[in-house]
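For the sequence shown, our numbering begins at 877 and goes up steadily by one.
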Amino acid sequence: MRSAIYSNLFRITALLLFQVLVLNNIKLHGLISPYIYPLGILLLPFATPRWATLVIAFAAGLFVDMFNNTPGLHASATLILAFSRQYVITMNRPVGDYEPTHQPTIASLGLYWFFSYAGTLVLLHHFFFFIFEAYTLSFFVYTLAKIVASTAASLLLMLLFEYLFYYRNQ
877 MRSAIYSNLF RITALLLFQV LVLNNIKLHG LISPYIYPLG ILLLPFATPR
927 WATLVIAFAA GLFVDMFNNT PGLHASATLI LAFSRQYVIT MNRPVGDYEP
977 THQPTIASLG LYWFFSYAGT LVLLHHFFFF IFEAYTLSFF VYTLAKIVAS
1027 TAASLLLMLL FEYLFYYRNQ
């Protein structure tokens, strides 16, 4: 149990550092802003209590906000992701149900399940983040393009991370 907590904390910390030190400096034409740090929330075990998921999500979002000078945008979008996580897990429930100690990874549940799970939540996160960032519907088409492009880039990075660190080890 303790090792699972430490490995999750290490993964979240590593993803946060990678986000603020590397990915925050990647902006392609102002359209693509990849965010990989939500993967730390997505990969929490199924048995993680909702309150713990919300606290971790808020802290992670606030950490990224401090480095991006976006007061509360990442924290609020990540809280929405964490709050919706259980609903998406329930929606995507496989026939055999989940093992409470399992993590929602490609290795444990397959590529299709992980892609629909992560895709839904990352799209939700990016939708709220970029809508909150724009704070207007004047540039709705541009904001929608940012949401789609950034979601695609983020999902690609998350799938790459999954294959590099989890799928290979299983």
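Even glycine gets a Cβ: it sits at the ideal position worked out from N, Cα and C. Owing to the predicted nature of the structure, the values given are computational and were not obtained by experimental measurement.
A distance of 7 angstroms or more separates the beta carbons of Leu957 and Leu915. Between the alpha carbons of Phe939 and Val964 lies a distance of about 25 angstroms. The beta-bridge partner set that DSSP reports for Leu904 consists of Ile908.
DSSP places Glu1038 in the uninterrupted alpha helix (DSSP H) bounded by Phe1016 to Glu1038.
Annotation for Thr996: the continuous alpha helix (DSSP H) segment containing it runs Leu987 to Ala1010.
Between the segment 883-893 and the segment 918-937, the count of Cβ pairs shorter than 8 angstroms is three or higher; the stretches touch. Counting C-beta pairs closer than 8 angstroms gives three or more between the segment 900-912 and the segment 1019-1028, which meets the contact rule. Under the three-pair Cβ rule at 8 angstroms, the segment 1003-1013 counts as touching the segment 944-951.
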